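Sequence lines, in order, name chains E and X. Quick note on our numbering: the first sequence kicks off at 1 and runs consecutively. Quick note on our numbering: the second sequence kicks off at 426 and runs consecutively.
Protein chains: 2
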Amino acid sequence: MGNFILKGNIIFSDADRTLNVYENSYVVCENGISRGVFRIFDDIPSTYRDFELIDKKESLIIPGLVDLHVHAPQYSFRGFNMDEELLDWLNNNTFPEEAKYSNIEYAEKAYSIFADDIKNSFTTRAVIFGTIHKDATLLLMDKMEKSGLISYVGKVNMTRNSPDCLSESIKGSISATEEWLKETEGRFDRTMPILTPRFIPSCDDEMMEWLGQTRKRLGLRVQSHLSENPSEIQWVQELVPASKGYGDAYNINGMLGSKENPAIMAHCVYSDKAERDLLKKCGTFVAHSPESNLNLSSGIAPISLMLKEGINVGLATDIAAGSSISMMKQITLAIQSSKMYWRYIDNNVKPLSFADAFYIATLGGGKFFGKVGSFEDGYEFDALVLDDSAIRTADKVSVVSRIERAAYNEREIKITDKYVKGMAI
Amino acid sequence: MGNFILKGNIIFSDADRTLNVYENSYVVCENGISRGVFRIFDDIPSTYRDFELIDKKESLIIPGLVDLHVHAPQYSFRGFNMDEELLDWLNNNTFPEEAKYSNIEYAEKAYSIFADDIKNSFTTRAVIFGTIHKDATLLLMDKMEKSGLISYVGKVNMTRNSPDCLSESIKGSISATEEWLKETEGRFDRTMPILTPRFIPSCDDEMMEWLGQTRKRLGLRVQSHLSENPSEIQWVQELVPASKGYGDAYNINGMLGSKENPAIMAHCVYSDKAERDLLKKCGTFVAHSPESNLNLSSGIAPISLMLKEGINVGLATDIAAGSSISMMKQITLAIQSSKMYWRYIDNNVKPLSFADAFYIATLGGGKFFGKVGSFEDGYEFDALVLDDSAIRTADKVSVVSRIERAAYNEREIKITDKYVKGMAI
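Laid out in structure tokens, this is it:
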């Protein structure tokens, strides 16, 4: 967590989603915090000018990517068995795999691989689902802490409509959650617990009520799933008949969070205007998971509309409905999906530009962590240094085109350095 | 071009699109031709049993992938400037870049990179657009020949609606095409010329007529574009008012080809039943370019329907509307796009399975080249050996899941060996 200056081709988003491009420029890191970007060395304030200068030459330097929704235990079956829709896919693939994490030796093996791979990925911050198992979830948190990434990790609550091998009683779930929260206290610097009801169909009203009270009492964050699939939405309406919709079924217990302690809701593919207004009011973060929504045939979320409406949106891999740990892949799929939304669903909703997608992958999701996802003065210093020299062309290509091209050609680029809150990892 | 036996985990498609999986098995190559796949060494016919045995251990062995539609000169701007639709994108990005290939030094530089990269990609066979320039196209053919891949390459014809820097007179285009065809005679073993009118909007009726006659006279193949974008389709109707549709506008001059000498038509996103019937009747190959169709907001082609109807379908990158040379990426995008077709366009058209997409990437497009795209006895031996050991999991994963996972996680796999018609390249 030192003081240094990185030199290279620096790209980052504004709050208005403009891409800022600084060719052959300098970004200053002081104790984990960015002190801004400067085109000319002599413009760096004199306080910082004698920091170590690390010259990354032709490399691209971008903020770390923020994965707002990823299921660590599902990493074991990423990339296969994707010919089913959500509810069948959960029963046939996900639940049997997650049940294995009652075995701590299996968890040790599987979570070592996950933590290793996410450490070496484009991701610097992540918000992570574990399983219902307290011990395995603590183990996952230990591994995330060691990885150097900064993350929220949740022990999942599942008290109904779940297979026996992956089901808790309400009492059991409450006491396991309490113990888990207690055991996380003072244990981590970079890893925070987050309340994690799987989704409405998996949690009894009483469970949700307890989680809602606990959220308020302890000032905790929440993560869950919302409006992903038509059959799921219909089921929620049957399960919570008093609710005005899926989002409202969470909100009854305050589980959409508040501006101070926001919740993350993954997907929101079918969130109508009323639900979107609710998300906006509560400051909820939508975790847009474009690949997951394609792979499970869920649909396309109206992200461009949400951004216009001022809803918080971040990007996510949603492993293993998303197939890969690569957030770069999600950037391009977000754009591509939004083009089909424009073509087939609503011609009035402009597709996402590359700048829009880059924004949600960095600053959009970064906001969940505070001042994260930009190089502006005062932001926590998360950075990736990318070597794209394997992508060759006859003519010189502009820096802004190079970062777009890198996202579309992730097979050909290398991450040479990675910093999280100023720490090289 | 020797005789050898490869051992490993072998996967290939049937004509009925079933995935055949042979774990720890043997595939025999004799003088560039596959002699079939065998689970047990002793089942190999004795004639072949003393061929050199090359043990690829845990690797995956699959047929080479066939890219039915790729624009070599556009490789220079792959992966950026993708916020426009087809006709604007052509005018603003493509045409200015293609004009540069009048300069043979630029062509030398740019085509060296293209040939190098496609050689190292998942592609073993390709059908390639050059530019209008005869000399640059011959240079591209020389480079493709040296790469070891087997390909068709076309000098493009553009006689109307094109910028001055990229436009031919009808006479000029005919004589350049004649000279080009002459200069290709006897020059190549693995590289064939193919007639290449850019698309109806770029070719006068007289030009198309000459190309149609030349096709018949010399028994040549044809490649072009069909029904990619709504504005384009409307324009074609205005340009060829006598036609019953875009496909018919080609067919008037026999440019949809014949079963003996089929044509390739890229895209066919909006081909209705009448057009699809015409494609089937002519034996035309549809070059499905899912990423291109997403990137240019074109739409989603009804590939699943076409396969059911018995139309020839292959897969394609369509560089640079497709961003990357990777055919693996196209496999997954074909599946993902088809799921959105099912969700939003026609709930009666089943999405493509992984097996379907693997089929169109290998055997589906391979058929354009003859007996290509399978390891069945008698097929030309094109193979990729893939190392997926960087993709780690706690439990063992089946071979069929491993190849699906490799397609979705192309960043993490390596091509260790590549054979085209029995030749290691």
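Note that beta-carbon positions come from the ideal geometry of N, C-alpha and C, so glycine has one too. All of these numbers come straight from a predicted model, not from anything done at the bench.
Asked                                                                                                                                                                             : Found
Decide if Thr18/E is buried, meaning its Cβ has at least 16 other Cβ atoms within 10 Å, or exposed.                                                                               : exposed
With Pro63/E as the anchor, note down where its beta strand (DSSP E) starts and where it stops.                                                                                   : Glu52 to Pro63
Taking the DSSP output, what are the residues bridged to Phe429/X?                                                                                                                : Cys454/X and Glu477/X
In chain E, what lies closer than 7 angstroms to Gly724/X by C-beta?                                                                                                              : Arg343
In the structure shown, what three-state DSSP assignment does Ala394/E receive?                                                                                                   : coil
Once you ignore the five residues that flank Leu636/X on each side, which residues in its own chain have a CB closer than 6 angstroms to its CB?                                  : Leu620 and Pro622
Would you say Asp560/X lies against chain E (beta-carbon separation less than 7 angstroms)?                                                                                       : no
Secondary structure at Ser231/E, three-state DSSP: helix, strand or coil?                                                                                                         : helix
What is the DSSP secondary structure of Asp542/X, counted as helix, strand or coil?                                                                                               : helix
Since Leu19/E meets chain X, which of its residues come closer than 7 angstroms, beta carbon to beta carbon?                                                                      : In chain order: nothing, as chain X lies at least about 12 angstroms away.
Going by the beta-carbon positions, is the gap between Thr562/X and Lys580/X smaller than 7 angstroms?                                                                            : yes
Identify every residue that forms a DSSP beta bridge with Tyr447/X.                                                                                                               : Ile435/X
Closest to Gly847/X by C-alpha separation, out of Gly798/X, Lys821/X, Tyr784/X and Pro498/X, would be which residue?                                                              : Gly798/X
Given this structure, state the Cα-to-Cα distance separating Ser202/E from Asn251/E, to the nearest angstrom.                                                                     : 16 angstroms
Return the chain-ordered list of same chain residues with a C-beta closer than 7 angstroms to the C-beta of Ser598/X, the five sequence neighbours on each side being excluded.   : Asn582, Thr584 and Met632
Is Asp346/E buried or exposed, if buried means 16 or more other CB atoms sit within 10 Å of its CB?                                                                               : exposed
Counting only the same chain and skipping the five closest in sequence on each side, list residues whose C-beta sits under 8 angstroms from that of Leu149/E.                     : Ile118, Lys119, Thr123, Thr124, Arg125, Ala126, Arg190, Val420 and Ile425
Using three-state DSSP, classify Gly672/X as helix, strand or coil.                                                                                                               : helix
Use the C-beta contact count for Ile465/X: other C-beta atoms within 10 angstroms, 16 or more gives buried, fewer gives exposed.                                                  : exposed
For Ile435/X, return the contacting residues in chain E, with the cut-off set at a CB-CB distance below 7 angstroms.                                                              : Per Cβ cutoff of 7 angstroms: no residues; Ile435/X is ~18 angstroms from chain E at best.
Mind the definition here: the segment 388–404 of chain E touches the segment 442–459 of chain X only if three or more C-beta pairs lie below 8 angstroms; say whether that holds. : no
According to the neighbour-count rule (16 or more other Cβ atoms, all chains shown, within 10 Å of its Cβ), is Leu515/X buried or exposed?                                        : buried
What span of residues does the alpha helix (DSSP H) with Leu305/E cover, start to end?                                                                                            : Ile303 to Lys308
For Tyr75/E, list the residues DSSP reports as bridge partners.                                                                                                                   : Its beta-bridge partners do not exist; DSSP assigns none.
Helix, strand or coil: which one does DSSP assign to Asn528/X?                                                                                                                    : coil
Could you tell me the distance, in whole angstroms, from the CA atom of Glu663/X to the CA atom of Asp702/X?                                                                      : 23 angstroms
Please confirm whether Ile311/E has its beta-carbon closer than 7 angstroms to some beta-carbon of chain C.                                                                       : As a matter of chain content, chain C is missing from the structure shown, whose protein chains are E and X.
Express the C-alpha separation of Thr602/X and His558/X in angstroms, rounding to a whole number.                                                                                 : 9 angstroms
Would you kindly report the start and end of the unbroken beta strand (DSSP E) that includes Ser224/E?                                                                            : Val222 to Leu226
Does any residue of chain X have a CB that is nearer than 7 angstroms to the CB of Glu109/E?                                                                                      : Reading off the sequence, residue 109/E comes out as Lys, not Glu. Output row for Lys109/E: interface = yes.
In this structure, how does DSSP classify Ser202/E when only helix, strand and coil are distinguished?                                                                            : helix
Buried or exposed: where does Gly254/E fall if 16 or more other Cβ atoms within 10 Å of its Cβ makes it buried?                                                                   : buried
Cα separation between Met566/X and Pro498/X?                                                                                                                                      : 12 angstroms
Report all residues from its chain with a CB closer than 8 angstroms to the CB of Asn517/X; omit the five preceding and five following residues, and keep chain order.            : Asn506 and Glu509
Considering only their Cβ atoms, is the gap separating Lys143/E from Tyr111/E smaller than 7 angstroms?                                                                           : yes
Could you tell me which of Gly283/E, Ala287/E, Ser304/E and His267/E sits nearest to Leu296/E, measuring between CA atoms?                                                        : His267/E
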